[in-house]
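Residue numbering for the sequence shown follows this note's numbering, beginning at 2 and increasing consecutively. A virtual CB, placed ideally from N, CA and C, is assigned to each residue, including glycine.
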Amino acid sequence: MVVVIVGAYASFYAYASMVLIPEDKKVFKEELSGIGNSSITDSDISTLESEATQIESIDLTIIPADQRKTMADQMRNDPFITTMNSTIAELKKNVTNNQEIASRYDLLLKGDVANNIRSVYSQELINAMDKMNQIMVALPNDLENGDSKAVANDLRTLAQLGRELKNMSTTSQAKLETVVNQLGG
C-alpha cells in the first residue's frame with residue numbers, strides 16, 4: 002500500500018514539475034505585469050482629497066435637482082464603475098483559484114511558495130475593493146441628494162481606500178515577484 006501511495010505522489014510531483022509549475026509561472030508573470038499597470042497614483046489620491054475639500058465648502062442644494070440628477074446619472078454610467086465591478090469579480094475568482102494553486106504547492110512540500118501565493122490576493126484586498134465599490138455606488142446618490150458633506154466624505158473615503166489599495170498592490174507585487182522567482186523566474 003505504501004508503494005502505491007509513494008508511486009502516486011511521485012507521479013503527481015513529476016506532472017506538477019513538468020506541466021503545472023511552468024503554467025503557473027506563466028500565469029503569475031502575466032498577473033505581475035497587470036498589477037504594475039493598475040496602481041492608483043498619488044496624484045489620483047491628492048485630486049480626490051482636494052475635490053473633497055472643495056465640495057465640502059459648497060452647498061450642492063443650490064444646483065437644481067435636475068442638474069444634480071443628470072450629473073449623478075453620468076457618474077452611475079461611468080465605465081470606471083463597470084470596470085471596477087468586473088475587476089472585483091475577477092479578483093474574487095483569482096483568490097479562489099490561487100487558494101487552490103497554493104494547496105497544490107502545499108502538496109508539493111513547497112509551503113513557502115504556497116504562503117506567498119496566498120498572500121498575493123488576500124481577503125483584505127477584496128474587502129477594500131468591495132468598500133470602494135460601495136462608495137462608488139453611494140457617491141452619485143449623495144450628489145443627487147445635494148448632500149455636500151456626504152459627497153466630501155465619500156471622496157475622502159475613496160482617497161483613503163485608494164491609498165490602502167496602492168500599499169496592498171505594492172506588497173502583492175513584491176510577493177508575486179517572489180513567487181515567480183521561486184518557480185524559476
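What do you get for residue i, buried or exposed, if any count of 16 or more other CB atoms within 10 angstroms of its CB means buried?
i: residue 7; result: exposed
i: residue 53; result: buried
i: residue 27; result: exposed
i: residue 2; result: exposed
i: residue 133; result: buried
Can you check whether the CB of residue j is closer than 8 angstroms to the CB of residue i?
i: residue 144; j: residue 14; result: no
i: residue 50; j: residue 160; result: yes
i: residue 184; j: residue 36; result: no
i: residue 96; j: residue 127; result: yes
i: residue 61; j: residue 148; result: yes
i: residue 131; j: residue 89; result: yes
i: residue 114; j: residue 180; result: yes
Under the criterion of a Cβ to heavy atom distance below 7 angstroms, does residue i qualify as lining the ligand ZN?
i: residue 113; result: Absence of the ligand ZN from the depicted structure is noted, as is the absence of any ligand whatsoever, leaving it without description.
Could you check where the alpha helix (DSSP H) with residue i kicks off and where it finishes?
i: residue 173; result: 149-183
i: residue 83; result: 80-108
i: residue 146; result: Run containing residue 146: none; DSSP gives neither H nor E here.
i: residue 72; result: 66-77
i: residue 120; result: 112-121
i: residue 49; result: 43-57
Going by C-alpha to C-alpha distance, which of the options sits closest to residue i?
i: residue 129; options: 99, 20 and 168; result: 168
i: residue 142; options: 35, 55, 73 and 91; result: 73
i: residue 163; options: 48, 183 and 177; result: 48
i: residue 106; options: 25, 12 and 146; result: 25
i: residue 137; options: 29, 80 and 114; result: 80
i: residue 111; options: 124, 22 and 132; result: 22
Original post:
Between the segment 64-81 and the segment 104-123, do three or more beta carbon pairs fall short of 8 angstroms?
Top reply: no
Original post:
Would you say the segment 167-186 touches the segment 22-42, given that touching needs at least three Cβ pairs under 8 angstroms?
Top reply: yes
**OP:** Determine, using beta-carbon pairs with one atom in the segment 170-182 and one in the segment 71-86, whether at least three such pairs fall under 8 angstroms.
**Re:** no
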